[in-house]
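Everything below concerns the one structure shown next.
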Ligand SMILES: Cc1cc2nc3c(=O)[nH]c(=O)nc-3n(C[C@H](O)[C@H](O)[C@H](O)COP(=O)(O)OP(=O)(O)OC[C@H]3O[C@@H](n4cnc5c(N)ncnc54)[C@H](O)[C@@H]3O)c2cc1C
C-alpha cells in the first residue's frame, strides 16, 4: 500500500546503487529527513558527502508520516514537564520551534514545492467536559509556561462534539516532496546519493561502510537509519510501535483544517489538498511491533465512516516509531566511537526531531557549537527518568524469547498452509517462517531474527515478518525493511 505523499511525487534525479569503492569525508546511512538535513548542511559547508539509502529517498518513516510540524510533543507537554521540569520542557519547545523555522526557511531558500502552510494544532477531547477539564487545564498550563501561544478552544469544525486546546502557528507540509527537494539540491552541491544500497556492515574503527557491492571510506559515519543498526544499548529501553494511516475523499461535509489530535483513544486527523483533490486522513491504531491485533486498516476506515460522509478510500500505509525511555531523543556521537553518530528515539515527533538531529550532528562534525546538543546527547544516561521503560521493554524481550522459542508448533509438512497464509513452525528441528503467496508459491525462511535471535511474527496487515524484540522487519523474501538488523532472514538450505 502506498502513502498519500506519493501523489504528484517527482522523485529525485536518478541515483544509482553503489558499485565502486570510494572515499568521502562523511558517509550518511539513510535518506530520510535526518540524513538529508545533515547531508545538506555538511555539503554546503564544503564536506564531501555520500548518502547511502537501502531503498529510495524518503521511503522510510519520513515518507509514511503525517507531515505535521509542531514545537510541542504529540504525547503532550504536561507529561514532558512532569518528567523533566520547566526548564527542559521549555527548551524542548524552543529547539523544536527553531527546527520548524529552519524547515520553512529551507523551503523558501531552495524553492521546494511541498505545500508548507502555517496551521494551528488542536488537542481535543470527546469526553464529558467536567471529566476532561483537569487534564486539559494541566496541558494548557504546560504549553503556555513553555512559551507557546495556546488557549482553550472549541472543535475546528469537526462533525462530532469535541473541545480542547488550540496552539497557534504550527505547520503542515508534504514530507516526501520536502526530502525529495533536499535530495535534488544535494546533487547540485556535489554530494552523492546512492539508492538501493543497503549497508550491511559499519566498521567505525577503520572508518569503513560496506554494502553488498562495495565499500566507502569515511572520516565520519552517520547512522541516520531511525534506529542505529546492529546491537546498541539504546535499543534495550526503546518502545517500538507501528501506527496505521488511511485517507479518504468525502461526499459531503467540511474537511477540517489544522493539526488535529483527538484523544481517548488517540487519532490524528489531517486534511491534505493536492491539485484539485481534497483528502482526509486518519492515523492511529498504534500497537507494539510484532504484537498485531486484528485488521488495523479496517478499524481506521470504520472510524472515518462513523464520523464523516466518506465517498471513497484512497490510500493506506503504516510506519514505525521508536520511543525513548526518558522521553527525549538520542542525537549525536555514539558511546563506542567518536566518528560514529546516531539519531533515534523520536516517537511520533521525528520530522522536527530529525531536522534538529541533522543540524546537531552536522555541527558536531564541523566542530561548531550547537545550543541544543546537551539535552539530547546520545551518550546521556538518565536512570531516574528511564528505568521504568527499560524494565518493561526487557520483560517484553525475555517474554518473547521464552514464549516464542518454547511455544512454536511442530510441522511435518507444509501442506496445511493455504494460499495467503503464514506460520512460524519447527520443521526437522529448524525454526522456520513459512508463507504461501496468494498464487500458491511457498516461501520458507529462517524465523530467527539476525539482530538478536528473537523469533519473528507474521504481520497480516502488511504481509511482513516483524520482530517483537527490537522492531526489525523483513519482507516475504527475507530482505530487511527497517529496524536494527543489517542482514536478511536466512534462507534455510535445501528448502523452496
Ligand atoms: C504513522 C506515523 C506518523 C508520523 N507523523 C509525524 C508527524 O506528523 N510529524 C512528525 O514530526 N513526526 C511524525 N512521525 C515521526 C517521523 O516521521 C519520523 O520520526 C521521522 O520521519 C524519522 O526520520 P529519519 O530520517 O530519522 O528516519 P527515516 O525516514 O525512517 O529514514 C531512515 C532511512 O534509512 C534507510 N536505511 C535503514 N537501514 C539502512 C541500511 N542498512 N542501509 C541504507 N539505508 C538504510 C531507510 O530505508 C530510510 O529511508 C510519524 C511517525 C509515524 C509512525
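Residue numbers (my numbering): 46 to 541.
Even glycine gets a Cβ: it sits at the ideal position worked out from N, Cα and C.
In the DSSP assignment, the residues bridged to residue 316 are 325.
Nearest neighbour of residue 94 by Cα position, chosen from 148, 83, 345, turns out to be 83. When DSSP reads this structure, residue 113 sits in a beta bridge with 217. Annotation for residue 140: 401, 417 place their beta carbon closer than 7 Å to its own, counting only its chain and skipping 5 residues before and after. Beyond the five residues adjoining it in sequence on each side, residue 218 comes within less than 8 Å, by CB distance, of 112, 114, 148, 152, 159, 160, 161, 162 in the same chain, given in chain order. In the DSSP assignment, residue 239 falls within the beta strand (DSSP E) that extends over 237-239. Assignment of residue 409 by DSSP, reduced to helix, strand and coil, places it in the helix class. Relative to ligand 1, even the nearest heavy atom lies 6 Å or more away from the CB of residue 146. Within the chosen limit of 6 Å, ligand 1 reaches the beta carbon of residue 110 through at least one heavy atom.
Non-local beta-carbon contacts of residue 77 in its own chain, meaning distances under 6 Å to residues more than five positions away in sequence, involve 105, 107 in chain order. With a 10 Å radius around the Cβ and a threshold of 16 neighbouring Cβ atoms, residue 483 comes out exposed.
Inclusion of residue 349 and residue 293 in the CB contact set at 7 Å is warranted, their separation being smaller than that value. Taking residue 333 as the centre and dropping the five residues before and after it, the same chain places the C-beta of 286 closer than 6 Å to its C-beta, in chain order. The criterion of a C-beta distance shorter than 7 Å is satisfied by residue 263 and residue 72. As DSSP reads the structure, residue 378 sits in a beta bridge with 386.
When DSSP states are grouped into helix, strand and coil, residue 60 belongs to the coil group. Residue environment analysis places residue 276 among the exposed positions, since fewer than 16 neighbouring C-beta atoms fall within 10 angstroms of its C-beta. Going by DSSP, residue 361 is part of the beta strand (DSSP E) stretching over 354-368.
Considering only 101, 513, 60, the residue with the shortest C-alpha distance to residue 367 is 513.
Taking non-hydrogen atoms of ligand 1 into account, the C-beta of residue 391 is found less than 6 Å away from one of them. A residue is called buried once 16 or more other Cβ atoms fall within 10 Å of its Cβ, and residue 538, having fewer, is exposed.
With fewer than three CB-CB distances shorter than 8 Å, the region 374-391 does not count as touching the region 335-342. Residue 48 and residue 103 have their C-alpha atoms roughly 11 Å apart.
The region 78-139 is shown to contain whole alpha helix (DSSP H) runs of 4 or more residues at 78-89, in chain order. Comparing C-alpha distances from residue 156 to each of 186, 91, 223, 128 shows the shortest one belongs to 223.
Leaving aside the five residues that flank residue 403 on each side, the residues in its chain whose CB is nearer than 6 Å to its CB run, in chain order, 79, 82, 83.
By the CB criterion at 7 Å, residue 531 and residue 274 fall inside the cutoff.
Rounded to the nearest whole angstrom, the C-alpha separation of residue 145 and residue 253 is 33 Å.
One alpha carbon belongs to residue 150, the other to residue 396, and they sit about 15 Å apart.
DSSP, read as helix, strand or coil, puts residue 246 in strand. For residue 307, the CB contacts under 6 Å within the same chain, skipping 5 residues up- and downstream, are 169 in chain order. Sequence-distant Cβ neighbours of residue 240 in its own chain, meaning closer than 6 Å and more than five residues away, are 60, 98, 101. Residue state for residue 396 is assigned as helix, using DSSP reduced to three classes. The shortest CA-to-CA distance from residue 475 to any of 358, 457, 519, 165 is the one to 457. Counting the other Cβ atoms within 10 Å of the Cβ of residue 364 gives 16 or more, which makes it buried. The continuous alpha helix (DSSP H) containing residue 182 extends over residues 174-190.
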